[in-house]
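Shown next, in structure tokens, is the structure this report addresses.
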Amino acid sequence: MAKIAVKTSPAITPPQAQVLACGDGWSVSEVVCKLGPRDRPFEERHSSVSIAIVAAGSFLYRAHAGRELLTPGSLMLGSAGGSFECSHEHGTGDRCISFSYSPDRFDRLDADPRFRSLRLPPVRPLSPLIAQASANLAGAAGPSWEELSIELAAHAVQLDRGQSSLPGSAGPGAIARVARVLRTIENNPDAPHDLTTLAGGARLSPFHFLRTFQEVAGVTPHQFLLRQRLRRAALRLTTEPAKVVDIALECGFGDVSNFNRNFRAEFGMSPRAWRRQGSSARQAG
Numbered sequence: 468m469a470k471i472a473v474k475t476s477p478a479i480t481p482p483q484a485q486v487l488a489c490g491d492g493w494s495v496s497e498v499v500c501k502l503g504p505r506d507r508p509f510e511e512r513h514s515s516v517s518i519a520i521v522a523a524g525s526f527l528y529r530a531h532a533g534r535e536l537l538t539p540g541s542l543m544l545g546s547a548g549g550s551f552e553c554s555h556e557h558g559t560g561d562r563c564i565s566f567s568y569s570p571d572r573f574d575r576l577d578a579d580p581r582f583r584s585l586r587l588p589p590v591r592p593l594s595p596l597i598a599q600a601s602a603n604l605a606g607a608a609g610p611s612w613e614e615l616s617i618e619l620a621a622h623a624v625q626l627d628r629g630q631s632s633l634p635g636s637a638g639p640g641a642i643a644r645v646a647r648v649l650r651t652i653e654n655n656p657d658a659p660h661d662l663t664t665l666a667g668g669a670r671l672s673p674f675h676f677l678r679t680f681q682e683v684a685g686v687t688p689h690q691f692l693l694r695q696r697l698r699r700a701a702l703r704l705t706t707e708p709a710k711v712v713d714i715a716l717e718c719g720f721g722d723v724s725n726f727n728r729n730f731r732a733e734f735g736m737s738p739r740a741w742r743r744q745g746s747s748a749r750q751a752g
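Shown next, in the form of structure tokens:
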């Protein structure tokens, strides 16, 4: 699996992985890590090609190519046999949905099993897949895990080829400031966050905060906040009977028309169509 330790200390509890589904050359697991700022990171190894969706929390991911801050909605990429460390000096714990593939499985997908990058930021092309995986994890019927594994691999390879292979160059201080803001947004995404307030929390001017945030997280503060709200709304639409307007308002959108417009742009369909799709999947299951 993506985050199973091969070296550890008896005093440290390694991440716990629960297999959700598996098949010929692939598997998907929920991986929960409870390490915090006082815990020493330990070396781990990708036993297979790994693509992990960060569902909650943030952490530093270090490999031979450098380091990246992994945030909710981003993907952690790992090539088979690669060593790495994950550390949580900016907050406690994370939860990932980890997809593992044998190199042979990747060959059958006509994909290169060697990633150029350490992570993919939370960008729009990934949003539907991440929302569907989160709904599956919550017990809502949707695309099969095998279908999601194939779609995720295809998107990850395509996006990995299209972005720079160089990891972020932000220093530890900048990463710490942004990580603090990321946790604030994640813990309360429906609050009325604005650039000035978030920049104040990072003790930076709005101009420098915007540049630093985008360098560390790979997206702007607005994009990160918007996608946190939209993924939360998408999950609720799949798992709850609440009215669309109530979900929109409770997820931080000022009016339903703004919510509908952003939802359609992110997921390629209206909130009601997304809900119907989830309902159809449950009936088919």
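Going by our numbering, the sequence shown runs without a break in its numbering and finishes at 752.
Glycine included, each C-beta is placed from N, C-alpha and C at the ideal position.
- Remark: C-beta atoms of SER611 and TYR568 do not approach each other more closely than 7 Å.
- Distances from the alpha-carbon of PHE691 to those of THR538, CYS489, PRO504, ILE714 put THR538 closest.
- Going by C-alpha positions, ASP491 is about 12 Å away from PRO570.
- ASP561: member of the beta strand (DSSP E) spanning 561-568, first to last residue.
- Taking 7 Å as the cut-off, the beta carbon of ASP577 is found no closer than this to the beta carbon of CYS500.
- Here ARG698 is buried. Its C-beta has 16 or more other C-beta atoms within 10 Å.
- Inclusion of VAL498 and SER546 in the CB contact set at 7 Å is not warranted, their separation being larger than that value.
- Here PHE551 is bridged, per DSSP, to GLU511, ALA530.
- Distance from the CA atom of SER554 to the CA atom of GLU535, rounded to whole angstroms, is 11 Å.
- Taking a contact to require three or more Cβ pairs closer than 8 Å, the stretch 592-612 and the stretch 636-655 do not qualify as touching.
- When only Cα atoms are considered, VAL486 and GLY640 end up about 36 Å apart.
- Only residues of its own chain outside the window of five on either side were considered, and among them ASN727, PHE730, ARG731 have a CB closer than 8 Å to the CB of SER737, listed in chain order.
- For LEU697, the uninterrupted alpha helix (DSSP H) segment begins and ends at 688-706.
- Counting C-beta atoms within 10 angstroms of its own C-beta, ASP713 has fewer than 16 neighbours from the protein chains shown and is therefore classed as exposed.
- In this structure, TYR528 and PHE551 form a Cβ contact; the two beta carbons are roughly 6 Å apart against a cut-off of 8 Å.
- With fewer than 16 other beta carbons inside 10 angstroms of its own, GLU707 counts as exposed.
- For HIS513, the closest C-alpha among the options LEU544, GLN599, LEU671, CYS563 is that of LEU544.
- When secondary structure is reduced to three states using DSSP, GLN483 falls in the strand class.
- For SER724, the enclosing alpha helix (DSSP H) has its first and last residue at 723-734.
- For PRO504, the closest C-alpha among the options GLY558, PHE720, THR679 is that of GLY558.
- Using a Cβ distance threshold of 7 Å, ALA488 and VAL495 count as a contacting pair.
- Excluding sequence positions up to five before and after ALA623, its CB lies within less than 7 Å of the CB of ILE518, LEU542, LEU544, LEU587, all in the same chain and listed in chain order.
- In the three-state reduction of the DSSP assignment, SER517 falls in the strand class, which pools E and B.
- Residue range 542-545 is occupied by the beta strand (DSSP E) that includes GLY545.
- Taking every protein chain shown into account, the CB of ALA700 has 16 or more other CB atoms within 10 angstroms, so this residue is buried.
- Take the alpha-carbon of VAL686 and the one of ARG743: they are about 30 Å apart.
- According to the DSSP secondary-structure assignment, GLU497 is paired through a beta bridge with GLN485, ILE564.
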